[in-house]
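S.K.: Encoded as structure tokens, here's the structure I'll be asking about.
Protein chains in written order, with the numbering used here: chain U, 1202 to 1316; chain V, 6 to 120.
Structure (structure tokens):
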């Protein structure tokens, strides 16, 4: 089954404790993105990647890191999480540039709470 | 700069009524893509439609229809004969051709269909 998976689905952590949210897709998609969803703010793009070893900042990259060492994986790293990073996070992928005949497939979301 | 405005934060209608969700966008590009996504209470994001700036034809898919008007920079979504299962948050999104995979989402409209 074609899908985007994220782990963990739920995470409660404390300020400053490094964490990684994994994202994996099995569709051989070139493009992957991370978003955060906050009440009243909709979805905001954190980072995106157009291919292996190619990443770029979205609208809210501060406090996050990403890497794309393999085509299928695009982990989101919070080196020193803070309470304002409490949010619902979505990973997404698409075959090519989103819109050029390709929709974005979204993962199920990761709900992160930073105490 | 890119911008997507969904002015309706929340809408409630009685089942079987028609309802239109508004989306107004701003872009300086002549080539761009517009999307609608649905987020049901279960939380996943479901792709509904993609439209490119060169295709102003309206689209109908069952009870769903979309009205794209470049003259008013709008891409409105209408649900005909609404059903309780249509209750969800709906997001409109924009991607400009020269912005790689960067996508801007509106803040979403929460739609309640009352039985």
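We put the beta carbon where it would ideally sit given N, CA and C, even for glycine.
Keep in mind that this is a model prediction, so the values were computed, not measured.
(1) Determine the DSSP secondary structure at residue 77 (chain V), reduced to helix, strand or coil.
(2) Report buried or exposed for residue 1305 (chain U), applying the criterion of at least 16 other Cβ atoms within 10 angstroms of its Cβ.
(3) Between residue 91 (chain V) and the rest of its own chain, which residues show a CB-CB distance below 7 angstroms, the 5 nearest in sequence each way excluded?
(4) Can you find a CB in chain V that lies within less than 7 angstroms of the CB of residue 1307 (chain U)?
(5) With the cut-off set at 7 angstroms, would you say residue 37 (chain V) and residue 101 (chain V) are in Cβ contact?
(6) Under 7 angstroms between the Cβ atoms of residue 1287 (chain U) and residue 1210 (chain U)?
(7) Comparing the C-beta of residue 31 (chain V) with each C-beta of chain U, is any distance below 7 angstroms?
(8) Distance check for residue 58 (chain V) and residue 1266 (chain U), CA to CA, integer angstroms please.
(9) Taking 7 angstroms as the CB-CB limit, is residue 15 (chain V) close to chain U?
(10) If you compare alpha carbons, which of U:1245, U:1230 and U:1216 is closest to residue 1283 (chain U)?
(11) Quick one: list the residues of chain V neighbouring residue 1291 (chain U), beta-carbon separation under 7 angstroms, in chain order.
M.R.: Result, derived from the coordinates:
(1) If DSSP states are grouped into helix, strand and coil, residue 77 (chain V) belongs with the helices.
(2) For residue 1305 (chain U), the number of other beta carbons within 10 angstroms of its own is at least 16, and it is reported as buried.
(3) These residues qualify, in order along the chain: 84, 116 and 118.
(4) Answer yes: the Cβ-Cβ gap between residue 1307 (chain U) and chain V drops below 7 angstroms somewhere.
(5) It is a contact, given that the beta carbons lie within the stated cut-off.
(6) No, Cβ-Cβ distance for residue 1287 (chain U) and residue 1210 (chain U) is not below 7 angstroms.
(7) False, the Cβ-Cβ gap to chain U never drops below 7 angstroms.
(8) CA-CA distance, residue 1266 (chain U) to residue 58 (chain V), rounds to 33 angstroms.
(9) Judged by the 7 angstroms Cβ criterion, residue 15 (chain V) is not in contact with chain U.
(10) Nearest of U:1245, U:1230 and U:1216 to residue 1283 (chain U), Cα basis: U:1216.
(11) Chain V residues near residue 1291 (chain U): 50.
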